[in-house]
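Counting with our numbering, you get residues -16 to 329 for the letters of the sequence shown.
Quick reminder that beta carbons are idealized off the backbone N, C-alpha and C, glycines included.
Here the structure is a predicted model, which means the values were calculated and not measured.
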Amino acid sequence: MPHSLSPSDVSAIAARTHGYVGADLSSLIRESASAAIQRWHDDSSPSRPGAPCLTNADVLAILPTIRPSAMREVFVETPAVRWQDIGGQEEIKQKLRECVEWPLTHRDTFNRLGVEAPRGVLLYGPPGCSKTMTAKALATESGINFIAVKGPELLNKYVGESERAVREIFRKARAAAPSIVFFDEIDALGSSRSDDMSHNGVLTSLLNEMDGIEELSGVTVVAATNRPDVLDSALMRPGRLDRILFVGAPDLETRKDIFRIRFSTMAVEPGVDVEELAYLAEGCSGAEVASICQDAALAAMNEDLDAPFVKRSHLVHSATTVRRRITPAMIRFFDEWKDQCGVRSA
-16 MPHSLSPSDV
-6 SAIAARTHGY
4 VGADLSSLIR
14 ESASAAIQRW
24 HDDSSPSRPG
34 APCLTNADVL
44 AILPTIRPSA
54 MREVFVETPA
64 VRWQDIGGQE
74 EIKQKLRECV
84 EWPLTHRDTF
94 NRLGVEAPRG
104 VLLYGPPGCS
114 KTMTAKALAT
124 ESGINFIAVK
134 GPELLNKYVG
144 ESERAVREIF
154 RKARAAAPSI
164 VFFDEIDALG
174 SSRSDDMSHN
184 GVLTSLLNEM
194 DGIEELSGVT
204 VVAATNRPDV
214 LDSALMRPGR
224 LDRILFVGAP
234 DLETRKDIFR
244 IRFSTMAVEP
254 GVDVEELAYL
264 AEGCSGAEVA
274 SICQDAALAA
284 MNEDLDAPFV
294 KRSHLVHSAT
304 TVRRRITPAM
314 IRFFDEWKDQ
324 CGVRSA
């Protein structure tokens, strides 16, 4: 089939097909060609070309639907979360770009300066502060294959099954490199070794995969937890989770950003002061700020099912009554853990 793809178009598509084998690429072109033919048939304008022609837009439209073979069994559909969907946290975003995107986009500089790409990143902090959402945005923005794993879901009562699952995840990640393996609630797998031999086996498998005999090339591990104190110290040594980032409660500017992001998708009374709401939401996590908007919208519906917008009064009431789960004791706990362990943020 004729096509209009330029060499730069082909290079850009190649850069987005990490882990694709020949059959995957054939499927991509076949489906794209079918889409081009359908588009040609649907075009009734006088300027329609005499024959179908494959365009870059056809390929890009089909690309998200073709998954690399190595990822099909474990791939978790990642929502289209982008950095602008996450209010604030600019320092965390930049550190993650340095750890994951720079080794890919500035490989020559890394080699010239003798810099080794980080093997893993640990995101720790109170619940509801966008740790998981940040990892998903990282995968979306970098265009890297993303494998998401919830720690407790890997645990299996049958001997050896959890260890096998860990090995299989990393085998898939290597085959689809460059890729990100995201362990949510890593504390379920990586807690300190104990007399429970079945648990120790899972931790040992995880440690070996991250920094064992077989090099973990092109795979970055990102883990999240709100219980860093229970993690085995071996997980946080250089070569494993060697970048440790605290994701804390949003500050005033970040809360304002979150309100603006939420208001972009909901009808709000004109003149609502975002700064006032951000002050009222002092001490809230990002998830609780989002909850304020949801609760206010429901209150508006309870008042009038045909409500044209959410009133300021609904938002103020919701912001002043929302339950805050981040306590001063919780913040002290994270500060003390950081001091005791000598943790230096990346």
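Asked	Found
Quick check: what's the CA-CA separation for Ile205 versus Arg31?	Position check: residue 205 holds Val in this sequence, whereas Ile was assumed. Val205 and Arg31: Cα-Cα distance of roughly 49 Å.
Within the continuous beta strand (DSSP E) that includes Thr208, where are the two ends?	202 to 208
Taking buried to mean at least 16 other C-beta atoms within 10 Å of its own C-beta, is Leu137 buried or exposed?	buried
Since Ala156 and Val202 are thought to touch, with beta carbons under 8 Å apart, how far apart are those beta carbons, to the nearest angstrom?	5 Å
In terms of residue numbering, what span does the beta strand (DSSP E) encompassing Ala131 cover?	128 to 133
With DSSP as the reference, label Asp318 as helix, strand or coil.	helix
Ordered along the chain, which non-local residues of its own chain (more than five positions away) have a Cβ less than 6 Å from that of Cys276?	Arg245
Rounded to the nearest angstrom, what separates Ala329 and Ser274 at their Cα positions?	Low local confidence applies: a pLDDT of 48 at Ala329 is under 50, so the model's placement there is unreliable, with the coordinate-based value given in what follows. Going by the C-alpha atoms only, they are around 31 Å apart.
Helix or strand or just coil, what does DSSP make of Leu138?	coil
Taking the C-alpha atoms as reference points, what is the distance between Lys294 and Leu281?	11 Å
Would you tell me roughly how many angstroms separate the C-alpha atoms of Leu79 and Phe153, rounded to the nearest one?	21 Å
Roughly how many angstroms lie between the CA atoms of Ala19 and Leu(-12), to the nearest whole one?	13 Å
Report the CB separation of Ala16 from Leu37 in whole angstroms; it is logged as a contact under 8 Å.	6 Å
My assumption, with CB atoms under 8 Å, is that Val272 sits in contact with Arg238. Please give the rounded CB distance.	6 Å
Find the nearest neighbour of Ala(-5) within the set Asn39, Leu218, Thr187, judged by alpha-carbon distance.	Asn39
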